[in-house]
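Everything below concerns the one structure shown next.
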Amino acid sequence: MRHRSLLILTSVLTTGALTLTACGSRSDDGKKDDGATTTVVIGVDAPLTGANSATGLGIQYGVQIAVDDANAKKLVPGVTFKVKALDDKALPASGQQNATALVADKSVIGVVGPLNSGVAQSMQQVFSTANMVEISPSNTNPTLTQGKTWATGDKVRPFKTYFRTATTDALQGGFAADYAFNTLHKQKAYIVDDKQTYGAGLAGIFKGKFTALGGKSAGEDHVNTGDTDFSTLVTKIKNSGADILYYGGQYDESELITKQLKAADVKIPLMGGDGMFSDTYIKTAGAAAEGDLSTSVGVPVTTLQGAKDFIATYKSKGYPGDYGTYGGYSYDAATAIIKGVKAVMDANGGKLPAMDDARGKLVEAVQKTDFDGIAGHVSFDQFGDTTNKQLTVYQVKSGKWEPVKSGTYTG
Amino acid sequence: MNTLPQQLANGLFLGSMYGLIAIGYTMVYGIVQLINFAHGEIFMTGGFGALTVYTSLPDGTSIWVALPLMVIGGSLVAVLIAIGAERFAYRPLRGAPRLAPLITAIGLSLALQQAVFNWYPKADNALSFPQLPGGPFHVGSISIQSGDIFLVVVAVICMSGLAAFVRTSRTGRAMQATAQDPDTAQLMGIDTNRIIVIAFAIGGLFAAVAAVASGLKYGQVKYDMGFQAGLKAFTAAVLGGIGNIYGAMLGGLVLGIAESCASAYISNIPGMEQLGGGSWANVWAFVLLIVVLLVRPQGLLGERVADRA
Amino acid sequence: MSGIGPVEGPAGGTPSVNSLHPPVHWTDRWTDGRVGRWAGRWQVRRAALSDRGRRTVLAATAALATVAVLCLGHAMRTPEPVPDPGPWPAQVTYIAYESGHLQPMSAPASGVFGFVVSVRDGTPVTILRVTPSFEGLGAEIDPSTPLTVKQGTTRHITIKMIVRKCAGLPLDVDLPVIDVTLRNTRAIQNQSFIFGGGYPRDLSAFLHRICRPTPTSSSSTP
């Protein structure tokens with residue numbers, strides 16, 4: 000008797016729980032409401048919880064601030080913008096699910112995101128089929144806009160709907176190698192990556208450029224994302240005689256690697272890419288992070304003319320996350336979509352066309368984007384890459400990231 | 000410079016942690032034939048319990064004063080959850096087909112993970128855990144961290160304490176009896192329910208100690224730290240012979256050393272460069288498990304038991 | 000053969016002989032006595048104060064409240080507007096490669112490369128220093144530094160790269176860097192300019208010619 004009632008109770012609870020999880024994280028749909036304004040939704044896809052969430056939240060709120068500013072200044076008369084943020088947890092499968100959900104939502108006109116290059120690979124096709132514009136503020140892997148054969152010089156754009164405001168790893172890896180070899184005079188680099196699209200790509204590019212400059216690779220290794228014990232790796236690095244460790248990957252692993260490296264008395268700096276450039280890195284690694292280096296796309300937010308207000312708003316609203324890494328770029332990406340909507344409406348006699356039509360026209364409008372954003376000039380070349388290619392090398396000094404070298408790229 | 004002693008030491012420390020967690024799996028299996036998949040999460044809640052104790056102590060408390068309190072706090076949380084799991088999740092399912100409590104265990108593991116993720120403040124990222132002061136100590140060519148010393152010390156204390164307890168005390172011998180034949184043990188007047196609760200409690204206690212050691216070693220606790228650690232510890236328990244507490248510790252050590260040496264040396268074997276390195280450590284560890292089980296299905300120290308009627 | 004050991008009976012209902020006592024009802028323990036003891040704590044305290052004490056407390060509270068309101072008002076005042084200092088020099092300066100690499104007769108180990116510098120807006124930008132990022136390579140800029148470019152204009156300059164030491168110089172670099180120090184009314188900045196396209200190609204050909212004239216000859220300082 001007890002067993003059966005228990006069984007019924009368990010099955011009812013389980014069914015209920017499963018139904019609730021199936022509902023997922025659905026924020027309210029932006030319906031076209033009555034009144035003078037139409038509501039247009041800009042989607043955001045980024046890791047909002049778990050790994051990489053510190054920088055992912057920076058993207059979400061960067062877009063939020065851009066939307067709030069546009070609504071306040073009535074940049075596009077007759078349109079109110081809203082943000083719909085979905086969490087992809089840095090997993091390609093979740094990213095693809097979110098892409099499908101955003102495409103199916105008929106009030107979403109464009110998307111900003113994702114953060115991870117590996118997640119973008121699973122989302123590009125979905126957006127391309129729906130002819131919906133996707134602007135990433137942080138993807139740096141070159142294959143996303145230049146095709147698989149970009150390294151040989153044969154560049155082919157795979158998707159017309161994909162754009163990015165950040166520059167690519169081809170530049171980031173090269174700049175890092177130049178800094179490590181020519182400025183820091185490091186001769187032997189130990190190169191580690193996390194086997195993800197972004198990390199492996201960046202580490203490979205660094206290795207190529209570093210050895211081309213005359214440096215030597217002291218060894219290579221890979222780690223799994225989510226690992227916490229790197230003692231074996233640290234011992235190998237200690238014995239290789241390397242004078243710098245280059246890590247391709249995100250801060251979740253590199254903060255632990257640098258801690259364990261310094262604790263084992265291996266006093267070499269750890270250098271990484273923009274995936275590591277976050278205050279969370281310094282907070283978790285503590286004193287072990289001192290002297291570590293990171294490259295990041297863009298120039299320091301503090302030297303950007305228009306970013307002052309952005310930073311002030313971010314801090315005053317108390318938004319979570321790190322805005323320093325991609326906040327400026329996500330603001331500009333959202334503004335590009337907003338200005339694109341305006342261009343579409345102007346060409347259509349001041350009215351927004353039906354959503355399917357509007358999405359396609361927005362892609363064309365975004366391709367022709369040309370304005371001064373808060374992170375610099377915003378415009379896209381024939382591959383969807385930004386024409387404003389800037390990078391900075393930062394170093395941890397007294398517990399903060401300080402810029403040590405900035406570069407502008409001219410093709 | 001030969002790195003073998005250092006890599007062996009690395010594996011030893013890692014393996015001690017696996018062993019401590021594996022004790023929980025093996026004790027529970029030995030007595031109730033249940034694989035407690037929620038044990039990894041009990042390990043994680045022990046770590047969070049210890050962290051809560053630390054954060055509620057006044058600032059500036061020396062780590063040496065805080066450490067015993069953290070161990071006690073973490074153990075309390077882990078033991079309570081373990082006993083609660085036994086009482087409310089597993090005991091009602093005695094007599095049900097074997098699959099039911101297995102699924103309950105998996106469900107409980109997910110529930111605990113998500114509960115901590117959602118309700119513990121700021122738990123969506125890793126949380127900082129205090130570390131013991133003192134630089135690496137050098138014994139010959141091996142460098143040992145302070146967290147490692149703590150780990151080895153508590154592992155030795157726990158193992159020897161448990162061995163003595165099981166062998167000499169009344170309750171310990173009652174546990175051996177229950178594991179051997181529960182019906183007869185009950186006929187002999189042993190309160191088997193109480194024994195089961197004690198088994199879960201000891202498992203929880205060891206998991207909490209391992210969690211504090213893990214926090215000290217890596218400097219952080221994370222809501223999903225139980226998943227991977229639990230999986231490895233379960234593997235260690237099976238490797239060493241599930242049901243045998245010495246096997247759990249031995250299995251842990253073997254697994255840790257295998258992982259360490261595999262990621263360090265396999266890439267040096269000509270022709271196998273792609274198969275070495277940190278990302279293949281797990282693969283080699285499980286390959287070892289499969290090989291051992293093929294040769295000796297009962298595990299390294301397990302004994303072949305005939306099917307219980 | 001059940002899964003969890005044959006401890007309990009078949010229907011699972013009968014507790015075993017030596018089972019735990021029936022569970023205690025914890026709710027009773029919490030409610031009896033606790034609530035009553037804590038109630039009225041503040042009322043008791045207040046009643047114990049004398050008249051004078053009460054007035055002191057009231058005055059202190061009023062003073063505290065006034066101070067709090069004043070501080071709040073001060074913090075919330077709108078700040079005076081600060082005049083806009085203008086953009087940073089690196090944000091408005093562009094350097095693009097034009098042509099090269101002529102070799103003047105006077106200095107055989109050098110090559111002249113042409114660049115065009117443009118400043119978009121803001122205030123005039125002065126170039127203070129130009130250095131290539133490799134050791135062993137020196138640069139002379141013509142017209143010489145300090146060189147000012149007005150906003151909204153472009154200027155054609157030439158940089159003469161001088162090879163001082165061949166040893167250690169990478170001959171094939173696809174992202175060569177030139178470090179430039181810029182100044183305008185906003186700030187002084189060191190910015191690196193990274194070049195793709197024509198400049199790396201020409202620079203590479205130039206370095207090959209200077210440092211490795213034929214495949215078999217040894218490289219040495221020219």
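Chains as they are written, first to last, in numbering that gives the first Met the number 0: chain S, 0 to 410; chain B, 0 to 308; chain R, 0 to 221. C-beta atoms are modelled at their ideal positions from N, C-alpha and C, and glycine is treated no differently.
| Query | Result |
| --- | --- |
| Chain-ordered chain S contacts of phenylalanine 194 of chain R [CB-CB under 9 Å] | Tyr408, Thr409 and Gly410 |
| Minimum length 4: unbroken alpha helix (DSSP H) runs contained in the segment 302 to 388 of chain S | 306 to 315, 326 to 346 and 354 to 366 |
| Cα-Cα separation, isoleucine 312 of chain B to leucine 287 of chain B | The requested residue 312 of chain B does not occur in the structure, where chain B is confined to residues 0 to 308. |
| Neighbouring residues, chain B, relative to glycine 317 of chain S (Cβ below 7 Å) | In chain order: nothing, as chain B lies at least about 14 Å away. |
| Histidine 207 of chain R classed as buried or exposed, judged by whether at least 16 other C-beta atoms fall within 10 angstroms | exposed |
| Residues near leucine 11 of chain B by beta carbon distance below 8 Å, same chain, minus five either side | Val151, Leu252, Gly255 and Ile256 |
| Stretch pair the segment 117 to 134 of chain B + the segment 219 to 234 of chain B: three plus CB contacts closer than 8 Å | yes |
| Beta-bridge partners of serine 405 of chain S, as assigned by DSSP | S/Thr391 and R/Gln190 |
| Residues of its chain near glutamate 219 of chain S, where Cβ-Cβ distance is below 6 Å and the 5 sequence neighbours each way are ignored | Ile190 |
| Cβ pair leucine 269 of chain S, serine 253 of chain S closer than 8 Å | yes |
| Spatial neighbours of lysine 185 of chain S in its chain, beta-carbon cut-off 6 Å, leaving aside the 5 residues before and after | Ala179, Asp242 and Ile243 |
| Helix, strand or coil at methionine 160 of chain R according to DSSP, with G and I counted as helix | strand |
| Short Cβ contact (8 Å threshold) for valine 111 of chain B with alanine 37 of chain B | The amino acid at residue 111 of chain B is misidentified as valine; the sequence shows leucine. Yes, the Cβ-Cβ distance between leucine 111 of chain B and alanine 37 of chain B is below 8 Å. |
| Outcome for glutamine 195 of chain S when other beta-carbon atoms lying within 10 angstroms are tallied against a minimum of 16 | buried |
| Chain-order list of residues whose beta-carbon lies under 6 Å from that of proline 86 of chain R (same chain, five-residue window excluded) | Gly121 |
| Alpha carbon of glycine 272 of chain S to alpha carbon of serine 293 of chain S, nearest angstrom | 5 Å |
| Exposure of proline 181 of chain B, with buried meaning 16 or more beta-carbon neighbours within 10 Å | buried |
| Three-way DSSP call (helix, strand, coil) for glutamine 63 of chain S in this model | helix |
| Three CB pairs or more closer than 8 Å across the segment 84 to 96 of chain S and the segment 65 to 76 of chain S | no |
| Under 8 Å between C-beta atoms of isoleucine 194 of chain B and isoleucine 34 of chain B | no |
| Residue-chain proximity (phenylalanine 205 of chain R, chain S), Cβ-Cβ < 8 Å | no |
| Buried or exposed (CB count within 10 angstroms, at least 16 for buried), threonine 301 of chain S | exposed |
| Residues of the segment 134 to 149 of chain B with Cβ closer than 7 Å to any Cβ of chain S, in chain order | Pro135, Ser142 and Gln144 |
| Among B/Met16, B/Gln185 and B/Ser266, nearest to cysteine 157 of chain B - alpha-carbon criterion | B/Met16 |
| Short-range partners of chain S found in the segment 63 to 97 of chain B, where Cβ spacing is below 9 Å | Pro91, Leu92, Gly94 and Ala95 |
| Chain B contact for glycine 290 of chain S (CB, 8 Å cutoff) | no |
| Tyrosine 393 of chain S beta carbon less than 8 Å from that of serine 295 of chain S | yes |
| Residues from the segment 149 to 180 of chain B in contact with chain S, defined by Cβ distance under 9 Å | none |
| Residues near phenylalanine 158 of chain S by beta carbon distance below 7 Å, same chain, minus five either side | Gln123 and Ser127 |
| Whole-angstrom C-beta distance between serine 191 of chain R and glycine 375 of chain S, which should lie under 8 Å | With a Cβ gap of about 15 Å, glycine 375 of chain S and serine 191 of chain R do not count as contacting. |
| Contact with chain R by glycine 173 of chain S, beta-carbon distance below 8 Å | yes |
| Same chain only: Cβ atoms within 6 Å of leucine 292 of chain B, ignoring 5 sequence neighbours per side | none |
| Exposure of arginine 54 of chain R, with buried meaning 16 or more beta-carbon neighbours within 10 Å | exposed |
| As assigned by DSSP and simplified to three states, the class of methionine 271 of chain B | coil |
| DSSP three-state assignment for glutamate 139 of chain R, whether helix, strand or coil | strand |
| Reduced DSSP category for tryptophan 87 of chain R - H, G, I as helix; E, B as strand; rest coil | coil |
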